Amino acid sequence: MSSVDFLPSDYRRQAADRRSHIWLFITLTIYGGFVGVVATHQFLAWQAIERRYEQVQLPYVQAQLANQRVAELESRLAETNDLAELHTYLRHPWPRTQVLAALIKHLPPEVNLTEVTIRQEKPERRDDHRKESRSGTAGNDESASRTPSSHQSLAQLRDENDAARTVIWIRGVTTDNSALHRCIRELSDTWLFTKADLESLDSMEDNTAPGATSFEICLELLPGYGQPDGPAEAPSKRVAS
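Per the numbering used here, numbering of the sequence shown is gapless, rising by one per residue and ending at 241.
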């Protein structure tokens, strides 16, 4: 048996509208609750981030100050190292007394010296002419510049002296050539000299010293402290040998 709906159509439409309004309210309530939960979570997370930021702010500032202090110390250390290298480099010309002591120690009685010349030989460089041409214009800038730093002074000294070598020219007379050659071998083995060469050996024609010969020896001096191929440090008790 079929049921018959005697309600008017307006009543059915109003009932459907009420149901749709209820579902809309439920949907909006659920959505609003979800948005509220998300907003609350975001707010709590932001509060946690702010608290964490406040906690790490002081260590961060301390770390920044420590980094600045380290940078200052590294800068001072670099300046000190440059100054120490400059002081070490300034010691590189060997004392002439030490050179002569090392020379005389290996000199036998049969060998007599007549002349000893110590000089520095610098190779010619291509940029010498360019430096001379720029010297006129650079004079004003140099006069206005401040005192150069130890690093600049060391660089200038290296540029002027590292390529140079110190040689010792020895002239004399000997009555025993074997003693002369033995002396040259001993000089070449001395730590202060890197090379010892006999440049000339000539018989003397006068009768003042019969059987004597004149000679010329060239010695090359060891590079000084701080120079390429020079000693790394000064031995505390090293003596000329």
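C-beta: ideal position from N, C-alpha, C; glycine also.
It should be emphasised that the depicted structure is a prediction, and the values quoted were computed from it without experimental measurement.
Thinking C-beta only, is residue j closer than 7 angstroms to residue i?
i	j	result
Glu-121	Val-61	no
Leu-187	Ala-196	yes
Leu-198	Ile-217	yes
Thr-174	Gly-211	no
Thr-190	Ala-102	yes
Arg-165	Glu-85	no
Using a Cβ-Cβ cutoff of less than 7 angstroms, which residues in the same chain neighbour residue i once the five nearest sequence positions on both sides are dropped?
i	result
Gly-172	Val-111, Asn-112, Leu-113, Thr-114, Phe-215
Ala-71	none
Arg-119	Val-167
Leu-285	Nothing about residue 285 can be read from this structure; the chain reaches only from 1 to 241.
By DSSP's criteria, residue i is part of a beta bridge. Which residues make up the other side?
i	result
Leu-113	Gly-172
Gln-120	Thr-166
Leu-219	Ile-168, Ala-196
Ser-214	Val-173, Asp-202
Heavy atom of the ligand NAD less than 6 angstroms from the Cβ of residue i, yes or no?
i	result
Arg-69	With respect to small molecules bound, the structure shown includes none, and the ligand NAD cannot be examined in it.
Under 6 angstroms Cβ to Cβ from residue i, same chain only, skipping five residues before and after it: list those, please.
i	result
Pro-108	Ala-179, Cys-183
Ile-22	none
Leu-222	Leu-192, Thr-194
Asp-10	none
Asp-17	none
Gln-156	none
Lys-105	none
Near residue i, which residues of its chain fall below 8 angstroms by C-beta distance, leaving aside the five closest residues on each side in sequence?
i	result
Leu-100	Val-116
Gln-47	none
Ser-143	Reliability fails at Ser-143, whose pLDDT of 46 lies under 50, so the model's placement of it is uncertain and the value that follows must be treated cautiously. Result list for Ser-143: empty, nothing under 8 angstroms.
Any beta strand (DSSP E) of 3 or more consecutive residues that is wholly inside the region 174 to 203:
193 to 203
Determine, using beta-carbon pairs with one atom in the region 175 to 195 and one in the region 47 to 59, whether at least three such pairs fall under 8 angstroms.
no
Along the chain, which unbroken stretches of the alpha helix (DSSP H) at least 4 residues long are found entirely within the region 60 to 87?
none
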